[in-house]
Amino acid sequence: MQMQLQKVFERPRTLRPVATHYCPGCGHGIVARLIAEVIDEFGIREKTVGVAPVGCSVLLYNYLDIDMYEAAHGRAPAVATGCKRVHPDLVVFTYQGDGDFASIGTAEAVHAAARGERITTIFINNAIYGMTGGQMAPTTLIGQKTTTSPYGRTAEQAGFPIRMAELLATLDGASFIARVSVHSPKNIIQAKGAIKKAFSVQMNQQGYSMVEVLSQCPTDWRMSPAEAVKWVEEKMIPYYPLKTLKAP
Amino acid sequence: MNPSENPLYANVTMAGFGGQGLMFIGKLLAYSAMKAGMNVTWIPSYGPEMRGGTANCTVVLSGREIGSPVITSPQALIIMNNPSLDAFEARLQNNGHLFLNSSLVTNETRREDIKVVRIPANDVALEVGEKRAANMVMLGAYVEQTKVVTKSLIFEGLKEFFGKKMEFLDVNKRAFEAGMRCVQDGS
Amino acid sequence: MEKTFMTGNEAIAEAAIQAGCRHFFGYPITPQSEIPEYMSKRLPKMGGVYLQAESEVAAINMLFGAAGTGARVMTSSSSPGISLMQEGISYIAAARLPCVIVNIMRGGPGLGGIQPSQSDYFQATKGGGHGDYHLIVLAPHTLQEAVYLTMNSFDLADKYRNPVMILGDGYMGQMMEPVSFPKLTPRHTPKGWALTGAKDRPANLVKTLYLDPEALEKHNLVINQTIQKIKKEEVQVETYHTDDAEIIIAAYGTVARIAKTAIEVLRNKGLKVGLIRPITVFPFPCKIFEELADRRFLVVEMSFGQMLEDVQLSLGRKASVHFYGRTGVVPSYDEIIVEVEKLVK
Numbered sequence: 001m002q003m004q005l006q007k008v009f010e011r012p013r014t015l016r017p018v019a020t021h022y023c024p025g026c027g028h029g030i031v032a033r034l035i036a037e038v039i040d041e042f043g044i045r046e047k048t049v050g051v052a053p054v055g056c057s058v059l060l061y062n063y064l065d066i067d068m069y070e071a072a073h074g075r076a077p078a079v080a081t082g083c084k085r086v087h088p089d090l091v092v093f094t095y096q097g098d099g100d101f102a103s104i105g106t107a108e109a110v111h112a113a114a115r116g117e118r119i120t121t122i123f124i125n126n127a128i129y130g131m132t133g134g135q136m137a138p139t140t141l142i143g144q145k146t147t148t149s150p151y152g153r154t155a156e157q158a159g160f161p162i163r164m165a166e167l168l169a170t171l172d173g174a175s176f177i178a179r180v181s182v183h184s185p186k187n188i189i190q191a192k193g194a195i196k197k198a199f200s201v202q203m204n205q206q207g208y209s210m211v212e213v214l215s216q217c218p219t220d221w222r223m224s225p226a227e228a229v230k231w232v233e234e235k236m237i238p239y240y241p242l243k244t245l246k247a248p
Numbered sequence: 249m250n251p252s253e254n255p256l257y258a259n260v261t262m263a264g265f266g267g268q269g270l271m272f273i274g275k276l277l278a279y280s281a282m283k284a285g286m287n288v289t290w291i292p293s294y295g296p297e298m299r300g301g302t303a304n305c306t307v308v309l310s311g312r313e314i315g316s317p318v319i320t321s322p323q324a325l326i327i328m329n330n331p332s333l334d335a336f337e338a339r340l341q342n343n344g345h346l347f348l349n350s351s352l353v354t355n356e357t358r359r360e361d362i363k364v365v366r367i368p369a370n371d372v373a374l375e376v377g378e379k380r381a382a383n384m385v386m387l388g389a390y391v392e393q394t395k396v397v398t399k400s401l402i403f404e405g406l407k408e409f410f411g412k413k414m415e416f417l418d419v420n421k422r423a424f425e426a427g428m429r430c431v432q433d434g435s
Numbered sequence: 436m437e438k439t440f441m442t443g444n445e446a447i448a449e450a451a452i453q454a455g456c457r458h459f460f461g462y463p464i465t466p467q468s469e470i471p472e473y474m475s476k477r478l479p480k481m482g483g484v485y486l487q488a489e490s491e492v493a494a495i496n497m498l499f500g501a502a503g504t505g506a507r508v509m510t511s512s513s514s515p516g517i518s519l520m521q522e523g524i525s526y527i528a529a530a531r532l533p534c535v536i537v538n539i540m541r542g543g544p545g546l547g548g549i550q551p552s553q554s555d556y557f558q559a560t561k562g563g564g565h566g567d568y569h570l571i572v573l574a575p576h577t578l579q580e581a582v583y584l585t586m587n588s589f590d591l592a593d594k595y596r597n598p599v600m601i602l603g604d605g606y607m608g609q610m611m612e613p614v615s616f617p618k619l620t621p622r623h624t625p626k627g628w629a630l631t632g633a634k635d636r637p638a639n640l641v642k643t644l645y646l647d648p649e650a651l652e653k654h655n656l657v658i659n660q661t662i663q664k665i666k667k668e669e670v671q672v673e674t675y676h677t678d679d680a681e682i683i684i685a686a687y688g689t690v691a692r693i694a695k696t697a698i699e700v701l702r703n704k705g706l707k708v709g710l711i712r713p714i715t716v717f718p719f720p721c722k723i724f725e726e727l728a729d730r731r732f733l734v735v736e737m738s739f740g741q742m743l744e745d746v747q748l749s750l751g752r753k754a755s756v757h758f759y760g761r762t763g764v765v766p767s768y769d770e771i772i773v774e775v776e777k778l779v780k
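Residue numbers (the numbering used here), protein chains in the order written: chain P, 1 to 248; chain Z, 249 to 435; chain F, 436 to 780.
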């Protein structure tokens, strides 16, 4: 008797066959795969251009087999704007962390959204600066300890964490704004749905789209991957509720 | 050759309130001279004030390549108000021409080494039917006195600048001619 | 050829369009706002893109994105805005993206003033942002020359995959002069590196990050070899009455044309005075200075002595170099005459 082997799981064409530099338990690798799957499912690998700026996001170009820019810290929405305005036929997305999107690049983020730029932002919010070794982020929670808030973040000293999804949802140019997470299989499936929707909004010329992805960073949170998943559930989601804030 | 000794060379600074149309007559003069085949430069004072402040511009016309468009001692001055007289009269060259809009300039010049041409430009402009055309009266006087370009070139330039607004074209022509006559009558 | 009476800012904008530039990203600042204004009027009507960015920081990064697709792109600003762009310019140079950046200089440091200046010479010619790179820097002295240099700047940028800066000043931007636009056939260099979607080819990557130090050095060597080639092949300089000159004025841009009038007057008085006018301030025309190093030099700038250092380097320590500079104010030819006469006495 002959064994029939059926392929039930394979690497997306857009995902390069390489190991990522991400730490064990990190959410980045999951999101990279979701983006690759969405690109494959839409069949747009040959007309998609990505922009990954400074932070743990930056090496995305090593994992996605598409044309990509590596941009300056915070400037990805401006770079994506330049690309998209020259080639409106391309599908252009940015892949940005919280330091990038919610701190140094807020001007570019807000104005790309306000202009209704036909680009998509995948915003990884892990409440910490990962690549530089665990400093406080604009999205670091009150009380959260980081290397630059060693006694825990206080509102008096460092102000309040920014909810980018809520902020951008107020802008007329922003068409699709959602917050998802990748801390459980169910959430991962929902996250993929949101990313897919965001790309389709861009392809339908409906304006700016952004998906905020709550992501775990066990290394810089000084936790095990299992503890990190729990921390997303118990600490992050109450402050950053998962929902679609705006859809066309 | 010293630029001021070049027979095909002239420069003039014009100054007054913003809105008196000095930038306009400066550009018109330069444009008309360009049409006559001359090299020209026009430079405004550019400031944060868009309206009502002081405005001045300098025009250089030359049969040869123009080196400096920056003129600290102009051969001629067109002065439309008292503050401009204070600001610029000391800069005029020896034997230079000072064209004063005597309708508005009430101060006296302290210079005795220059030629003063007084033109009641606002009154003349009112007489031809457009009080805003005092600038053209002054330009008419300047062109009649210096002969740097012909009247017909100025009129061709005006046509270009005004396009289809014929009513403005005619009254501006009349104002220019009235300015010329002021100099003719005065000499 | 038909002549048009335009401001320098308009002339530069039109020259860029004639050279095939269809995409412009900018932010208003005096005294260069006529460039974005002109572009916003013209480009949309010819299928191009004008976009007012939220800041100079964003504008230069939009340029990065647009240049990365291989399009002919330009931005313009004035000194404080150019300072804000330095980060992006460094990235553009590192990613070897061809594009054109116009700096219509005004007085600094800080907010400075809005009057013309040449005090960004160091920033323009020595790199400006962080890292080992140079821009090709073209310094026109008349509006007609600004047209020629702007038209050519896109070809230069493409040829070397290196950003080009047009270095003008507020005087040049605001003044009007007749200009003509020669028919130009842009030399389009193939851009296999551009990001247009990875169709029928491996994916392209526009990047500046090289974490492996040896890879970084290798990349910087490529940039440096380009710069060396530019130094060898792209120097442009004008000499004016230098053959018999005992005193040579060194000046660029608007100051150089003012100096020409001073030289005319001085020669009428029997003084043998000439001019060396760098047209490319990077690459700097060292050789002509070396050849004439036995003469006496007067460097004149709208700064307190920036090009002066390049002149001194070119001439060597034994040369006789004097300096006259105004900053925030345009020097007149009378002032230059006085300075030269001081040297003769």
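Just so you know, even glycine gets a beta-carbon here, dropped at the ideal spot from N, CA and C.
Source: prediction; values computed, not measured.
- One thing to note: F:Tyr526 has its Cβ no nearer than 8 Å to the Cβ of F:Ala488.
- Classified as buried, F:Thr661 has 16 or more neighbouring CB atoms from the shown chains inside 10 Å of its CB.
- At least one beta carbon of chain Z lies nearer than 8 Å to the beta carbon of F:Lys695.
- Around the C-beta of F:Ile698, 16 or more other C-beta atoms lie within 10 Å, and the residue is accordingly described as buried.
- Those residues of the region 71-92 of chain P placed with their C-beta closer than 9 Å to a C-beta in chain F are Ala71, Ala72, His73, Gly74, Arg75, Ala76, Pro77, Ala78, Val79, Ala80, Thr81, Gly82, Cys83, Lys84, Arg85, Val86, His87, Asp89, Leu90, Val91 and Val92, ordered along the chain.
- Residue pairing for Z:Gly264: DSSP places it in a beta bridge opposite Z:Ala303.
- At least 8 Å separates the beta-carbon of Z:Ala324 from that of Z:Val372.
- The contact set of F:Asp769 on chain Z, defined by CB atoms closer than 9 Å, consists of Thr320 and Ser321 in chain order.
- Non-local beta-carbon contacts of F:Lys707 in its own chain, meaning distances under 6 Å to residues more than five positions away in sequence, involve Asp679, Ala680 and Glu681 in chain order.
- Beta-bridge annotation (DSSP): P:Asn125 is paired with P:Leu214.
- In the DSSP secondary-structure assignment, F:Ala685 is bridged to F:Ile711 and F:Val734.
- Take Z:Met271, set aside five residues on each side of it, and the residues of its chain with a beta-carbon closer than 7 Å to its own are Pro292, Ala303 and Cys305, in chain order.
- For Z:Gly315, a Cβ of chain F is located within less than 8 Å of the residue's own Cβ.
- Secondary structure of P:Met223 (DSSP, three-state): coil.
- Taking the C-beta atoms as reference points, F:Arg457 is found nearer than 8 Å to F:Ala506.
- Excluding five sequence positions before and after F:Leu578, the CB atoms of its chain that fall closer than 6 Å to its own CB belong to Gly443, Ala446, Glu612 and Val614, given in chain order.
- With its beta carbon at least 8 Å from every one in chain F, P:Asp172 lies outside the interface.
- In this structure, P:Pro77 sits near P:Ala109, with a CB-CB distance shorter than 8 Å.
- Residue range Leu578 to Tyr595 is occupied by the alpha helix (DSSP H) that includes F:Asp593.
- Against chain F, a Cβ distance below 9 Å from P:Thr48 picks out Gly632 and Ala633.
- The alpha carbon of F:Ala629 has as its nearest neighbour, out of F:Phe499, F:Ile771, F:Met474 and F:Thr439, the alpha carbon of F:Phe499.
- Not one beta carbon of chain F lies nearer than 8 Å to the beta carbon of Z:Ala338.
- In the DSSP assignment, F:Ser525 falls outside any beta strand (DSSP E) and within the unbroken alpha helix (DSSP H) covering Ser514 to Ala529.
- Uninterrupted alpha helix (DSSP H) stretches at least 4 residues long and entirely within the region 137-216 of chain P occur at 155-158, 164-169 and 185-203, given in chain order.
- DSSP places P:Thr94 in the uninterrupted beta strand (DSSP E) bounded by Val91 to Gly97.
- Nothing from the region 217-234 of chain P brings a Cβ to less than 7 Å from some Cβ of chain F.
- The region 109-123 of chain P makes contact with the region 209-216 of chain P, as at least three CB pairs between them are under 8 Å.
- Within chain F, no residue has its beta carbon less than 7 Å from that of P:His28; the closest one is some 16 Å off.
- The count of Cβ pairs closer than 8 Å, one atom from the region 591-606 of chain F and one from the region 12-30 of chain P, stays below three, leaving the stretches out of contact.
- With a minimum length of 3 residues, the unbroken runs of beta strand (DSSP E) contained wholly in the region 27-64 of chain P fall at 48-52.
- Taking a beta-carbon distance threshold of 8 Å, F:Gln467 does not count as an interface residue toward chain Z.
- Chain order gives the chain P residues near F:Tyr526 as Ala72, where near means a beta carbon separation below 7 Å.
- Boundaries around F:Val657 are those of the alpha helix (DSSP H), Pro648 to Glu668, since no beta strand (DSSP E) includes it.
- Rounded to the nearest angstrom, the gap between the Cα atoms of P:Gly43 and P:Gln144 is 42 Å.
- For Z:Gly405, the enclosing alpha helix (DSSP H) starts and ends at Lys399 to Phe410.
- Taking a C-beta cut-off of 8 Å against chain Z, the contacting residues of the region 585-617 of chain F are Gly605, Tyr606, Gln609, Met610, Met611, Glu612 and Pro613, listed in chain order.
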